[in-house]
Structure formats: structure tokens, C-alpha cells
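> Just add 44 to the spot in the sequence shown (first one is 1) and you have my numbering.
No residue lacks a Cβ here, since even glycine has one placed at the ideal position from N, Cα and C.
Computed from a predicted model, the values in this text were never measured in an experiment.
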Amino acid sequence: MLTAVAPPRAGVTATPPHASVMLDATTRLYYVLARASDSSQDAFVVFALGSQDPAFVNFPSGWFTTSCTSNIQLFNVNLVRQVALPGSLVAESAYKAACPGDGFLILDLDKSTVTAATLPDQGQLRVPATKTDTSMAMLNDYVFGVRLDPTRTTISDTIYVLDGATGSVFELILPSGIDGFTDASVQQIAAIDSLLVQSINKTAGDEGFVLFDLDHQKVTNLPVPDGFDTLAFLDDGATVCCMNTRTLVARALKTGASNVVVYDLTTGDLATVDNPAGDSSVGGAATAANPMVSANSRAETVYAVAYKGTKQAGILVIRLP
45 MLTAVAPPRA
55 GVTATPPHAS
65 VMLDATTRLY
75 YVLARASDSS
85 QDAFVVFALG
95 SQDPAFVNFP
105 SGWFTTSCTS
115 NIQLFNVNLV
125 RQVALPGSLV
135 AESAYKAACP
145 GDGFLILDLD
155 KSTVTAATLP
165 DQGQLRVPAT
175 KTDTSMAMLN
185 DYVFGVRLDP
195 TRTTISDTIY
205 VLDGATGSVF
215 ELILPSGIDG
225 FTDASVQQIA
235 AIDSLLVQSI
245 NKTAGDEGFV
255 LFDLDHQKVT
265 NLPVPDGFDT
275 LAFLDDGATV
285 CCMNTRTLVA
295 RALKTGASNV
305 VVYDLTTGDL
315 ATVDNPAGDS
325 SVGGAATAAN
335 PMVSANSRAE
345 TVYAVAYKGT
355 KQAGILVIRL
365 P
């Protein structure tokens, strides 16, 4: 079954449509997503090397792949030899920029069955349209996706999580008083099975961060420190420092200035690190397009360019306790 093709854009080479295929390395069987010609049924078509006759593993009645996206993802849950993917109650035939999903489908490689795991509320998954969209992904043995908000296509208020070990789905909802988070801000913290997002009211980060603890199904707000306007991630976009001591480092920003802020995930305490005398910003001025700050999680050290106004004043090194 071909995935939906995104509409062409001027000056951009269209990506060829492709089929979603996976190989079970243990049995050497190929699984290919397919749909009946009358759109009444979806299934995995199973091919064995050297065999002429494929087998079929049908989806539960009324369930289909999320075929309104050009990016149908298959997630291998190796712990239980299963494969998860977003599922829909509608056999979509056209591309949608905001492709909705109604739950997860689970292929059991040992039993050759597909079962459906429905969402715990009346919401829908936002199924990404591109591979670069990380708002639906796998974290260890969890598969997660954000809730689709049809009124705000890049903002969500809930994360749905499929527990690969149990096959059940739970939801993690933002704390009361926080309006939403930007889908593009979802960062994984694999060391503690958690997700970190930048919350938003009017501006990204103006309500701080939110930490979703998947193991304990717990949601924690990491607020903006007093005197600052927003929180921002470290600029390398990948490092979430530092999990050995369960501390999280970010940048607190206000007009014309910024500081490093440290959150203790065990106690909930936060500390704003004072800048050196005369320095107004770390990691660049608050309005700079590409401020420079990064962290070494093993050394539990943050490195940042210190600024006096708009001029670089040197390198600031912060060692976490």
C-alpha cells in the first residue's frame, strides 16, 4: 500500500511514494502494509524468501493504517517482539497535513496477529507528515505521540503513550493553568524515560518547561524563574544535562539578558546561576539568532559564551554540584 503523497510545492522535488516494509530478522519474513482494492480491509502481507505464496495478517475490523500521511512509521518493540504503528478508524485516501490517528495497532510477530489499542479519551493522535517531525517516536519500550488539536496544528496539550510491555495506552495531560506545548519542542531523556517540552501561552517557553515521566506517569512543570520571561533549551538541541545527578539545565531569558537556570528533578528546586560581574547574557544576547551554549552531560558542565550587551566577553564554564 502506498502512503499518501504530499501535494507538490514550487521548486521542491517531490519525494516518490513508498511502501511501508519491515523485515523480521528472526524469521526472515518481510511484512508489507497493504489495503484491499475496495478499501474495506488493511493487512500486513507476509513474504518468505523463496516462497511464491504470501500470507496475510489482517487488521481488526474497522481499523486501518493512517494513510493520510506520507510517513507511516513502524516501531519495533523488541522487548516483546511486536511492532507498533498509529491506526485510524477511517481508510483515508488523501494526504492531510494534520493526519489524525485513533489509536495504535500492534503486530505480534510470534502470534501473527494485529490488535488495536484505543486512546483513553475522545482525542486523536497527530501523526507526523515528515520523518523530521519527532512528536511521534519511540523512547525505549514506549511509543508516544501528541494529541491533535485541529485549531492549533503545531501545539498540543496531551501526550499519548503506548506501553510496549503491556500493550496499553495512557495519557499525560498538562498541569492546570498551562495552555499547551509546541510539538516541535518534544525532547527525549532516555536515561530517565521522560519527555521534555517547551510550554506556550503566547510565546514559546513563556510558561516554562513540562517534564513527562513515562515510568511513573507523572507530569511536572518547570516554571520560568522570577524576573524572567521565557525558558529556552540548550542550543545544541540534543543534550539534556545532567541525569547522573537528576538535574536539568536551561536558559532563562528576559529583554536584554539571559542566565543559566538549574532544576533539581528530585527536590523540585530551581537555582538561577548569577552571571559574572558586568556580563548581561550567557549563550549570546537574548535576541541573538544563534546563541552559543552547550553541555557535557558526563562532566556535568555547561559551556556558554558570555556577553556584555552585544559583545562577546569570554567563555563561561559552569560546573554543576
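Can you name the start and end residues of the beta strand (DSSP E) that Thr446 belongs to?
The chain is shown from 45 up to 365; residue 446 falls before or after that span and cannot be answered.
> Do the stretch 182 to 190 and the stretch 163 to 174 make contact, defined as three or more Cβ pairs closer than 8 Å?
The answer is yes - the stretch 163 to 174 touches the stretch 182 to 190, with three or more Cβ pairs under 8 Å.
> So, with DSSP's three-state summary, where would you put Val134?
In this structure, Val134 counts as coil in the three-state DSSP scheme.
> Output yes if chain B places a C-beta closer than 8 Å to the C-beta of Val306; else output no.
Among the protein chains of the structure shown there is no chain B, as only one such chain exists.
> CA-CA distance, Glu251 and Pro164?
Straight-line Cα distance between these residues: approximately 26 Å.
> Compare the Cα-Cα distances from Asn102 to each of Ser156, Ser111, Val304 and report the closest residue.
Considering only alpha carbons, the answer is Ser156.
> Whose C-beta lies closer than 6 Å to the C-beta of Phe277 among residues of the same chain, with five residues either side of it excluded?
If we look at Phe277 and ignore the five residues flanking it on each side, it has no Cβ neighbours.
> With distances taken between CB atoms, is the gap from Ile116 to Leu77 smaller than 8 Å?
Yes.
> Rounded to a whole number of angstroms, what is the C-alpha to C-alpha distance between Thr109 and Asp86?
Approximately 7 Å between the Cα atoms of the pair.
> Measure how close the beta-carbons of Ser114 and Tyr139 come, nearest whole angstrom, since I'm counting them as under 8 Å.
Right, their Cβ atoms sit about 7 Å apart.
> Is the separation between the beta-carbon of Ser324 and that of Tyr351 shorter than 8 Å?
Yes. Within cutoff.
> In the DSSP assignment, the beta strand (DSSP E) including Asn120 goes from what residue to what residue?
Where Asn120 is concerned, the enclosing beta strand (DSSP E) stretches over 119 to 121.
> For Leu314, which option in Leu153, Leu275, Asp152, Ala209 has the closest C-alpha, if you only look at C-alpha atoms?
Of the listed residues, the one whose Cα sits closest to Leu314 is Leu275.
> Mapping DSSP to helix, strand and coil, what is Val35?
Nothing can be reported for residue 35: it is not among the residues displayed for the chain, which extend from 45 to 365.
> Measuring CB atoms only, is the stretch 191 to 202 touching the stretch 227 to 242, in the sense that at least three cross pairs come out at less than 8 Å?
As far as the Cβ criterion goes, the stretch 191 to 202 touches the stretch 227 to 242, which means the pair count is three or higher.
> Please say whether Cys286 and Leu364 have beta carbons closer to each other than 8 Å?
Yes, they are a contact pair.
> In this structure, how does DSSP classify Ala332 when only helix, strand and coil are distinguished?
Legend: pLDDT at Ala332 = 45, less than 50; position of this residue unreliable, value from coordinates given subsequently. Note: Ala332 maps to coil in three-state DSSP.
> Do the CB positions of Asp185 and Ala209 come within less than 8 Å of each other?
Their beta carbons are under 8 Å apart, which means Asp185 touches Ala209 by this criterion.
> Checking the sheet assignment: what are the DSSP bridge partners for Ala348?
In the DSSP output, where bridge partners are listed per residue, Ala348 has Val337, Leu360.
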